[in-house]
Amino acid sequence: MKVKITNGMFVALIMTIIYAKAIGVTQGSLAREIGHDMWIATILGTLQGIVMMILTAAILQKLPDQNFIGFAEALLGKWAGKIVAFVIFLFFLFSFGPIMVTFIYHFKDYFLPEAPIYLFIVVALIVGIFGGFHGLEVMARMALVGAFAVVCLNILLLTGSLSEFDIHNLRPVMEKGFIQTSWASRHYDTDWALATVMAGMILPMVKQSEKWVKAGWSGMILTCIAITMWPILEAAVLSAPVTAEYIVSCMHLARGAHIGIFLHRYELIMIALFSTSSLIQIMMSLYCSAHALSKIFGVKDYRPMLIPAGLALGAFGYWLVLDHLRAISFTEKEWPLISLPIAFLLPIILWTFGKLFRRKLSRS
Amino acid sequence: MKVNKIFIVILVISLLSGCGKRQINELALVSAVGIDQGSSPNSVRVTVQVVRPADARGQTGAPAGGTGEPIYSVQAEGKTIFEAIRNLARFSSRRVYWAHNFIIVINEKFARAGIADMIDFFTRNPELRMNTWIAATPNPASEVVSTITGLEVVPGEAVDKLFRYNEIVSEAPRTNMTRLQESYLNEYTHPVLARLELKNRGISNKKPEEFGSLKQIELSGTAVFKHDKMVGWLNRAQSRALLLFIENVDSGIEVITCPDLPNQDATLEVKSQSLHVKPIASGSVPSFHVDVSSRVELSESGCLATFNEMRGYLEEQMGNRVKEQIESLLAAAQKKYKVDILKLGEIYENEYPSEWRRIRDDWEDIFPQVQITIDSRAELTSAVLKITKKKIPRG
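As they're listed, the protein sequences go chains A and B. Under UniProt numbering, think of the first position of the first sequence as 1, with each following residue one higher. Under UniProt numbering, think of the first position of the second sequence as 1, with each following residue one higher.
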């Protein structure tokens, strides 16, 4: 029987695949660019993400049994499907860089500075391949746990940071102006891009296609609510200049959190709650890239492709995180240039072809 | 399947064991750090106060296998703080571990030379707590961190509690690493640190006749910085006024001379104080209006008058006292040190962002010329338990 997940699981997958990088690494980039208005950029990014998620769901509702690759193949032929599969593979290959930046710099820089980088890569690949091998339902169930962990993490951080909250640090609002703040939202766009491209791959495996659009936009809004708390706290508690100093700014906030006098330094609890989201990112990247590879090479089962996909993604991730400056430079400069054209243009192109070949689409 | 499971368990065990090589019995848990200038030019001397777990369990005397000394203090020098800390490894049998550090004490000389390196090192180090207290001292920092003060067994913990309960006297800013880093990175507001000083205040139980034979650490006053360099001190009254601008003040006392007996005093306990700053955009130099209100209670009275009789007088005197303290603080900040430690630039920026963009580059020159008016009111709401007139015995 073909695996199907519920719309609730799909919402949890959206939340967990965006969350891990968006709360810290992305907010550091935003703070460096627009200071304390990073929370506004996050909301502006969400609005763009909602549009693209709705578009993705609307495209695939036309052919509910096909993902982006199958949709292109049905409309334009086999080679078009292979090209889309290659583009999606490239997307997830390069996405593994920022995902590893998030995963490794959280754990290595703050908890295990003496552990070698390859250890984190190997662990990430083992867990990722394990999850990918067991398929979407396992990952989706884990995402439900992850969504609960996200709520717990937010409550813990909020409780531990409110005593240091200074609302004056959030003023004046929109200091750099609307245009610059909107432009800065591209950093958050790279986060929701993971969710929309993932949706383009897994939506056929989500039940009740008539609810996809609603699940898509509600997932984006819930994610925005869970994430926006972080830039607000980072700006109000740490201040924007302090947030801007760090690669993983959320960890800097987390290590200062304390509840009363006796409960402090509980970032290990917080990182455990955070890790589910990070692992979902890893598993989903491997799963989607293996799917894309299987389409490129015409292999029916995606599972054998998990190993080559893992090797390619792992090698790129390892090379990137070896040098902090290279890692953050790629995350802030090259990654938006790679991810955003794919995240915006791929659905728009498929939608346009869907309109142009309406008859062929209805026959399919 | 069984083979697979065994393989996974072995793999996980082999990968996850020995990630961190630090066992707790191999760590030197630092509870306080002192930073002084080194003996050679451009060098730094770092003193760490390390807890001896076997001797710091709250009991007196030497437990079995212990030395009776709850702390082990050791120092080393280097060109940078990190080098000095690495040089500690020459003396320390255990790896220095910062996660339990309570306080960093900086000597005045070192602070006047600049603390940018210190801020950078400790905010770059993932082990350190961001709520670690930071203080400046005119004494050698090495001596301050090695002095056992208060009731605690571990001196670092004692100073930590001094900071926590300092809100009762409200005479020093409670600056931790987060706040120091924030003000240091702010281009227009300058950092302040609490002042720690050794005072002969303790009385030895064995030699009570030698009053003040034991040195104790006093937390009172403020070190003022211009960017990363210390420029001077604020006294107690100025520090009290400063706290109104940068922290919440809900305690403290003021002693006011009686209206009827010039050699007797009444003591007012502050229950709450609030300060509101209103910026006024006027030409190239802005002005500010400071509005302070204090709610106080009469805690001690040597006066003849009843509470009702002297209430108005005490309220007026209290209002004037707070105003004088703020004026003294403004004189120090604007005329003596010429640094905005009151966050006035931030307040102006929040209210008038476009005007602020015009003047922010010249803020350091503008700040000393800024006109500040003060309106201070006090409300005496309670005489606590008593209300009647004091009876004077007739001789």
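Using N, Cα and C, we set each Cβ at its ideal position, and we do this for glycine too.
List the whole-angstrom C-beta distance separating residue i from residue j, where the pair is believed to meet the contact cut-off of C-beta under 8 Å.
i         : j         : result
Val44(B)  : Gln37(B)  : 7 Å
Asn166(B) : Arg179(B) : The Cβ separation is near 14 Å, so there is no contact.
Ala32(B)  : Ile103(B) : 5 Å
Val51(B)  : Ile71(B)  : 6 Å
Ala292(A) : Ile88(A)  : 4 Å
Leu158(A) : Met229(A) : 7 Å
Leu263(A) : Val237(A) : 17 Å between Cβ atoms; not a contact.
Ser339(A) : Phe91(A)  : 6 Å
Phe225(B) : Pro191(B) : 4 Å
Could you tell me the alpha carbon to alpha carbon distance between residue i and residue j, rounded to whole angstroms?
i              : j         : result
Ile342(A)      : Leu279(A) : 23 Å
Phe7(B)        : Met283(A) : 20 Å
Leu320(A)      : Ile115(B) : 34 Å
Val285(B)      : Ile366(B) : 6 Å
residue 373(A) : Cys250(A) : With chain A running from 1 to 364 in the structure shown, residue 373(A) is simply not present.
Asp265(B)      : Glu297(B) : 14 Å
Lys207(A)      : Tyr266(A) : 39 Å
Ala62(B)       : Glu69(B)  : Any answer about Ala62(B) is weak, because its pLDDT of 49 lies below 50 and its placement is not dependable; what the coordinates show is given next. Rounded to the nearest angstrom, the two C-alpha atoms are 8 Å apart.
Leu361(A)      : Ala315(A) : 39 Å
Val3(A)        : Ile23(A)  : 31 Å
Ile256(B)      : Asn42(B)  : 48 Å
Pro336(B)      : Val248(A) : Pro is not the amino acid found at residue 336(B); the sequence shown has Lys there. In a straight line, the C-alpha of Lys336(B) is about 40 Å away from that of Val248(A).
Ile119(B)      : Thr373(B) : 35 Å
Val105(B)      : Val144(B) : 8 Å
Ile347(B)      : His168(A) : 8 Å
Ile296(A)      : Gln66(A)  : 16 Å
Val351(B)      : Asn131(B) : Before going on, a small fix: residue 351(B) reads as Glu here, not Val. The alpha-carbon atoms of Glu351(B) and Asn131(B) are separated by roughly 30 Å.
Arg236(B)      : Asp375(B) : 21 Å
Glu33(A)       : Trp183(A) : 10 Å
Gly395(B)      : Ser287(B) : Residue placement at Gly395(B) is flagged as unreliable, the pLDDT there being 49, under the threshold of 50; the coordinate-derived value follows with that caveat. About 58 Å.
Phe344(A)      : Thr46(A)  : 13 Å
Ile326(B)      : Ala244(A) : 34 Å
Val122(A)      : Leu144(A) : 25 Å
Asp250(B)      : Asn154(A) : 30 Å
Gln273(B)      : Thr80(B)  : 43 Å
Trp98(B)       : Arg129(B) : 8 Å
Pro259(B)      : Glu315(B) : 12 Å
From which residue to which residue does the beta strand (DSSP E) around residue i run?
i         : result
Pro279(B) : 265-280
Ser382(B) : 371-382
Asp36(B)  : 27-37
Gln238(B) : Run containing Gln238(B): none in the beta strand (DSSP E); it sits in the alpha helix (DSSP H), 236-246.
Ile256(B) : 253-257
Gly221(B) : 214-226
Phe357(A) : Element bounds for Phe357(A): n/a, residue is neither H nor E.
Between which two residues does the alpha helix (DSSP H) holding residue i run?
i         : result
Gln27(A)  : 25-34
Asp166(A) : Unbroken run through Asp166(A): none, as it is neither H nor E.
Lys79(B)  : Looking at the DSSP string, Lys79(B) is not in any alpha helix (DSSP H), and its letter there is neither H nor E.
Glu167(B) : Per DSSP, Glu167(B) belongs to no alpha helix (DSSP H) and is neither H nor E.
Tyr19(A)  : 7-22
Hey, is residue i close to the ligand NAD, as in C-beta under 7 Å from one of its heavy atoms?
i         : result
Arg358(B) : The ligand NAD is not part of this structure, which contains no ligands at all.
Is there at least one Cβ from chain C nearer than 8 Å to residue i's Cβ?
i        : result
Pro98(A) : Of the protein chains in this structure, namely A and B, none is chain C.
message: Taking beta-carbon pairs under 9 Å, can you tell me which members of the region 111-133 of chain A lie near chain B?
response: Residues passing the 9 Å Cβ filter: Phe111, Leu112, Pro113, Glu114, Ala115, Leu119, Val122, Val123, Ile126, Phe130.
field: Residues within the region 79-107 of chain B neighbouring chain A, beta-carbon criterion of under 9 Å
entry: Within the region 79-107 of chain B, the residues whose Cβ lies closer than 9 Å to some Cβ of chain A are Ala99, His100, listed in chain order.
message: Would you call the region 87-96 of chain A in contact with the region 72-79 of chain A, where contact means no fewer than 3 C-beta pairs closer than 8 Å?
response: Contact between the region 87-96 of chain A and the region 72-79 of chain A is absent, with fewer than three C-beta pairs closer than 8 Å.
message: Please identify, using Cβ separations under 7 Å, the residues of the region 168-195 of chain B that lie next to chain A, in order along the chain.
response: For the region 168-195 of chain B, the set of positions with a beta-carbon nearer than 7 Å to some beta-carbon of chain A reads Thr178, Gln181, Glu182, Leu185, Asn186 in chain order.
query: At a Cβ cut of 7 Å, what residues of the region 122-145 of chain B count as close to chain A, listed as they run along the chain?
result: Listed in sequence order: Pro126, Arg129, Met130, Asn131.
query: Along the region 336-357 of chain B, what residues have a CB closer than 7 Å to any CB found in chain A?
result: Under the 7 Å Cβ criterion, the region 336-357 of chain B contributes Glu346, Glu349, Asn350, Pro353.
message: By the 8 Å beta-carbon criterion, what residues does the region 155-168 of chain B contribute toward chain A?
response: Answer set for the region 155-168 of chain B: Arg164.
query: Using 8 Å as the threshold, is the region 160-171 of chain A in touch with the region 45-52 of chain A, meaning 3 or more CB pairs across them?
result: Short answer: they don't touch.
field: Members of the region 309-334 of chain A that neighbour chain B once the beta carbon cut-off is set at 8 Å
entry: Listed in sequence order: no entries.
- prompt: Are the region 187-198 of chain A and the region 6-18 of chain A touching, with three or more C-beta to C-beta distances below 8 Å?
  reply: Yes: the two stretches touch, three or more of their Cβ pairs being nearer than 8 Å.
- prompt: Can at least three beta-carbon pairs, one atom from the region 191-198 of chain B and one from the region 265-284 of chain B, be found at a separation below 8 Å?
  reply: The region 191-198 of chain B is not in contact with the region 265-284 of chain B.
Cβ pair count under 8 Å reaching 3, the region 150-169 of chain B against the region 226-235 of chain B: Taking 8 Å as the limit for Cβ pairs, the verdict is that the region 226-235 of chain B does not touch the region 150-169 of chain B.
field: Three or more C-beta pairs below 8 Å linking the region 302-319 of chain B and the region 329-346 of chain B
entry: No: fewer than three Cβ pairs fall under 8 Å.
task: Note down, in chain order, all residues in the region 237-250 of chain A with a beta-carbon under 8 Å from any beta-carbon belonging to chain B.
output: Per Cβ criterion, the list reads Val237, Leu238, Ser239, Pro241, Val242, Glu245.
- request: Pair every Cβ in the region 181-195 of chain B with every Cβ in the region 131-148 of chain B, then say whether three or more of these pairs are closer than 8 Å.
  value: Judged by pairs of C-beta atoms under 8 Å, the region 181-195 of chain B touches the region 131-148 of chain B, as three or more such pairs exist.
- prompt: Which residues, in chain order, does the region 199-220 of chain A contribute to contact with chain B at a C-beta distance below 7 Å?
  reply: Going along the region 199-220 of chain A in chain order, one finds no residue with a Cβ nearer than 7 Å to chain B.
- request: Compile a chain-ordered list of the residues in the region 265-276 of chain A whose CB is closer than 8 Å to at least one CB of chain B.
  value: Listed by position, the residues of the region 265-276 of chain A near chain B (Cβ gap below 8 Å) are Arg265.
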